[in-house]
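S.K.: Residue numbers (our numbering): 142 to 612.
Take this structure first; my questions come after.
Structure follows, in structure tokens:
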């Protein structure tokens, strides 16, 4: 067991070292090395296969040349020559004596072998192939023989070195061409890969500069192209745009909150200093404390709204339960219709009974409350509330006949602390701009959808849809 751990330790150290060194190699070099190794393996297998096929082809060509030379030498109408196209030829008697021709020095005496193709023999440190064929007699001589007799025969001998030399030339050519080809492919591939990864380096430098300066208005410089790297760059630029917009909203949010808190704080400080130094009677003190109380309540309301919105935004999910949305809306409307500012308004209420949705009762109560608060602020004479089933969803609609919302501002109203030109109606538009942001957050948590349709000067209709609970 100790030896096993020791061996594992010995092997893990160099592997860990190699891994650390590999992490320092540029990506272009890594890709080049990997594809060069893969290409080397493929080319080695391909070259080996081609060389094997070439060797077999050379052997076939050599055997074919040997057979053709012996066949020609065996014809009676051909002048016998002792050497033809690297083939040693001998004309022998029926008992094996050489009548004509030549054979390699040291060739052993071997009995003839007819009809079995080239035979291999080795002597003098060299290998040869030989083939034997009967020598054909002229037809007039064959007719003169009273009966068939053993006749002369021809033996052809071909040194294997002949085709081996040609194969070696091919082998050397392949071995020289393969490294040269790999070198050219590696250099060319590295340049192509480095050029392809150049935008990555550019984007990396730009991202580092953005991180160091904190300037989210900068964008990654992207040239023409629609490959994966350029798509990644466009996505990164889109993300920078989203972050920039979010940062701007946060800055505006911080500024608006500071402004909302600065006024009541200043009033509290002023009233406190005035009451401390200049109050002459109890009535003046009560009036001053009333101002302090009103501003403190305003601050507390703002802080509670911010905390609630922050807590809601940090949640990933809520406890979804069946809620009879129809009864919830009916009960909330009864309370709102009793408010002093609601008594002179015309209420158009159309609720489909017993629509059960998957949601959270407290959050849905707040959503309806925010919609109704906005309607009471801006309506002129009527408020419409409806709840209907559309396909597999229940849709709440709250409408008013107020000033409406410009089309280019209808998306902004869902952001925190956004009030559209509050100076147009100071008496009515007294709010913190958090209600619709709260609604948008609830819609995400409950997997619903909040929307608005508005025509400037004619009023607005706010909607909220949720999935119906299947019975």
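Beta carbons are placed, not taken as given, at the ideal position from N, Cα and C, and that holds for glycine.
Using the rule of at least 16 other Cβ atoms within 10 Å of the residue's Cβ for burial, across every protein chain shown, is residue 285 buried or exposed?
M.R.: As a first step, residue 285 is located in the chain shown; it is residue number 144 there, counting from the start. Any reading at residue 285 needs caution, since the residue's pLDDT is 49, under 50, leaving its predicted position unreliable; the model's value is listed next. Classification of residue 285: exposed, given that the 10 Å Cβ count is below 16.
S.K.: Indicate the three-state DSSP secondary structure (helix, strand or coil) for residue 478 in the structure shown.
M.R.: Counted from its first residue, the chain shown places residue 478 at position 337. DSSP places residue 478 in coil when its eight states are reduced to three.
S.K.: Note down, in chain order, each residue of its chain lying with its Cβ closer than 7 Å to the Cβ of residue 264, except the 5 sequence neighbours on either side.
M.R.: Walking along the chain shown from the start, residue 264 turns up at place 123. Correct list, in chain order: 247, 248 and 249.
S.K.: Based on the DSSP secondary-structure assignment, which residues constitute the bridge partners of residue 488?
M.R.: Counting from one through the chain shown, the residue named residue 488 turns up at place 347. Partner(s): 524.
S.K.: Would you kindly check if the distance between the Cβ of residue 602 and the Cβ of residue 522 is under 8 Å?
M.R.: Taking the first residue of the chain shown as position 1, residue 522 is located at position 381. Taking the first residue of the chain shown as position 1, residue 602 is located at position 461. Going by C-beta atoms, residue 522 is not nearer than 8 Å to residue 602.
S.K.: Sort out for me which residues DSSP pairs residue 89 with in a bridge.
M.R.: The chain is shown only over 142 to 612; residue 89 falls outside these bounds and no answer can be derived.
S.K.: So residue 231 is in the beta strand (DSSP E); what residue range does that whole segment cover?
M.R.: Stepping through the chain shown from its first residue, residue 231 is reached at position 90. In this chain, the beta strand (DSSP E) harbouring residue 231 covers 228-233.
S.K.: I'd like to check one pair, residue 609 with residue 535: are the Cβ atoms closer than 8 Å?
M.R.: Locating residue 535 in the chain shown gives position 394, counting from the first residue. Locating residue 609 in the chain shown gives position 468, counting from the first residue. Yes, Cβ-Cβ distance for residue 535 and residue 609 is below 8 Å.
S.K.: What span of residues does the beta strand (DSSP E) with residue 336 cover, start to end?
M.R.: On the chain shown, residue 336 is found 195 positions in, with the first residue counted as 1. No beta strand (DSSP E) holds residue 336; the alpha helix (DSSP H) holding it covers 301-354.
S.K.: Tell me the DSSP bridge mates of residue 225?
M.R.: Here the question's residue 225 lines up with position 84 in the chain shown. In DSSP, residue 225 forms a bridge with 228.
S.K.: Just list the beta strand (DSSP E) runs in the segment 524-555, keeping only unbroken ones of 3 residues or longer that don't cross its boundaries, in chain order.
M.R.: 534-541
S.K.: Rounded to the nearest angstrom, how far is the Cβ of residue 607 from that of residue 498, given a contact under 8 Å?
M.R.: Here the question's residue 607 lines up with position 466 in the chain shown. Here the question's residue 498 lines up with position 357 in the chain shown. Confirmed, about 4 Å.
S.K.: Would residue 226 and residue 206 be called neighbours here (beta carbons separated by less than 8 Å)?
M.R.: To locate residue 226, count along the chain shown from 1; it is residue 85. To locate residue 206, count along the chain shown from 1; it is residue 65. Contact: yes.
S.K.: Which value, in whole angstroms, describes the spacing of the CA atoms of residue 185 and residue 340?
M.R.: Here residue 185 refers to the residue found at position 44 of the chain shown. Here residue 340 refers to the residue found at position 199 of the chain shown. Each residue's Cα considered, the two are about 34 Å apart.
S.K.: With H, G and I counted as helix, E and B as strand and the rest as coil, what does DSSP make of residue 255?
M.R.: As a working note, residue 255 is residue 114 in the chain shown. Reduced to three states, the DSSP call for residue 255 is strand.
S.K.: My understanding is that residue 388 touches residue 360, with C-beta atoms under 8 Å, so please give their C-beta distance in whole angstroms.
M.R.: Start at 1 with the first residue of the chain shown, and residue 388 comes out as number 247. Start at 1 with the first residue of the chain shown, and residue 360 comes out as number 219. That pair is no contact at about 15 Å.
S.K.: Using CA coordinates, which residue listed in 547, 167 and 592 is at the minimum distance from residue 334?
M.R.: To locate residue 334, count along the chain shown from 1; it is residue 193. Looking at 547, 167 and 592, the one whose alpha-carbon comes closest to that of residue 334 is 167.
S.K.: Taking the beta strand (DSSP E) that residue 270 belongs to, which residues open and close that run?
M.R.: Within the chain shown, the letter at position 129 stands for residue 270. 267-275 is the extent of the beta strand (DSSP E) around residue 270.
S.K.: Check the C-beta distance from residue 276 over to residue 295 and give it rounded, since I have them as a contact under 8 Å.
M.R.: The sequence position of residue 276 within the chain shown is 135, counting from 1. The sequence position of residue 295 within the chain shown is 154, counting from 1. Residue 276 to residue 295, Cβ: 5 Å. Contact.
S.K.: The alpha helix (DSSP H) spanning residue 483 covers which residue range?
M.R.: Locating residue 483 in the chain shown gives position 342, counting from the first residue. Counting along the chain, residue 483 sits inside no alpha helix (DSSP H), nor does DSSP assign it H or E at all.
S.K.: Residue 465 by DSSP, collapsed to three states: which one?
M.R.: Locating residue 465 in the chain shown gives position 324, where the first residue counts as 1. DSSP places residue 465 in strand when its eight states are reduced to three.
S.K.: Beta carbon of residue 510, beta carbon of residue 473: below 8 Å?
M.R.: Along the chain shown, read from residue 1 onward, the residue named residue 510 stands at position 369. Along the chain shown, read from residue 1 onward, the residue named residue 473 stands at position 332. Against a cut-off of 8 Å, the Cβ pair of residue 473 and residue 510 comes out as a contact.
S.K.: Taking the C-alpha atoms as reference points, what is the distance between residue 599 and residue 495?
M.R.: Within the chain shown, numbered from 1, the residue matching residue 599 stands at position 458. Within the chain shown, numbered from 1, the residue matching residue 495 stands at position 354. Whole-angstrom Cα-Cα distance: 32 Å.
S.K.: Just list the residues that DSSP pairs residue 241 with in beta bridges.
M.R.: To locate residue 241, count along the chain shown from 1; it is residue 100. Residue 241 is bridged to 232.
S.K.: Rounded to whole angstroms, what is the Cα-Cα separation between residue 508 and residue 444?
M.R.: One-based indexing of the chain shown puts residue 508 at position 367. One-based indexing of the chain shown puts residue 444 at position 303. Approximately 19 Å, taken between the alpha carbons.
S.K.: Any C-beta of chain C sitting closer than 8 Å to the C-beta of residue 259?
M.R.: In the structure shown, chain C does not exist; there is a single protein chain.
S.K.: Just the Cα atoms here: how many angstroms apart are residue 213 and residue 326?
M.R.: As a working note, residue 213 is residue 72 in the chain shown. As a working note, residue 326 is residue 185 in the chain shown. One C-alpha to the other measures close to 50 Å.
S.K.: By the three-class DSSP mapping on this structure, what secondary structure does residue 437 have?
M.R.: Sequence index remark: in the chain shown, residue 437 carries index 296 (1-based). Three-state DSSP puts residue 437 in a helix.
S.K.: Please state the DSSP three-state secondary structure of residue 408.
M.R.: Residue mapping note: residue 408 aligns to position 267 of the chain shown, counting from 1. The answer is helix: DSSP assigns residue 408 an H, G or I state.
S.K.: Going by DSSP, name the residue or residues bridged to residue 609.
M.R.: If you number the chain shown from 1, residue 609 lands on position 468. Beta-bridge pairing links residue 609 to 498.
S.K.: Which residues in the same chain have their Cβ closer than 6 Å to the Cβ of residue 177, if we skip the five residues on either side of it in sequence?
M.R.: One-based indexing of the chain shown puts residue 177 at position 36. Around residue 177: 327.
S.K.: Relative to the C-alpha of residue 556, which residue among 538, 188, 582 and 323 is closest?
M.R.: To locate residue 556, count along the chain shown from 1; it is residue 415. When each option's Cα is compared against that of residue 556, the closest is 582.
S.K.: Verify whether the separation of the beta carbon atoms of residue 409 and residue 433 is less than 8 Å.
M.R.: Counting from one through the chain shown, the residue named residue 409 turns up at place 268. Counting from one through the chain shown, the residue named residue 433 turns up at place 292. Contact: yes.
S.K.: Starting from the Cα of residue 405, find the closest Cα among 417, 436 and 415 and give me that residue.
M.R.: As a working note, residue 405 is residue 264 in the chain shown. Considering only alpha carbons, the answer is 436.
S.K.: In terms of residue numbering, what span does the beta strand (DSSP E) encompassing residue 201 cover?
M.R.: Position 60 of the chain shown, counting from 1, holds the residue named residue 201. That residue, residue 201, is in no beta strand (DSSP E); its alpha helix (DSSP H) goes 168-215.
S.K.: Quick check: what's the CA-CA separation for residue 621 versus residue 374?
M.R.: With the chain covering 142 to 612 only, the question about residue 621 has no answer from this structure.
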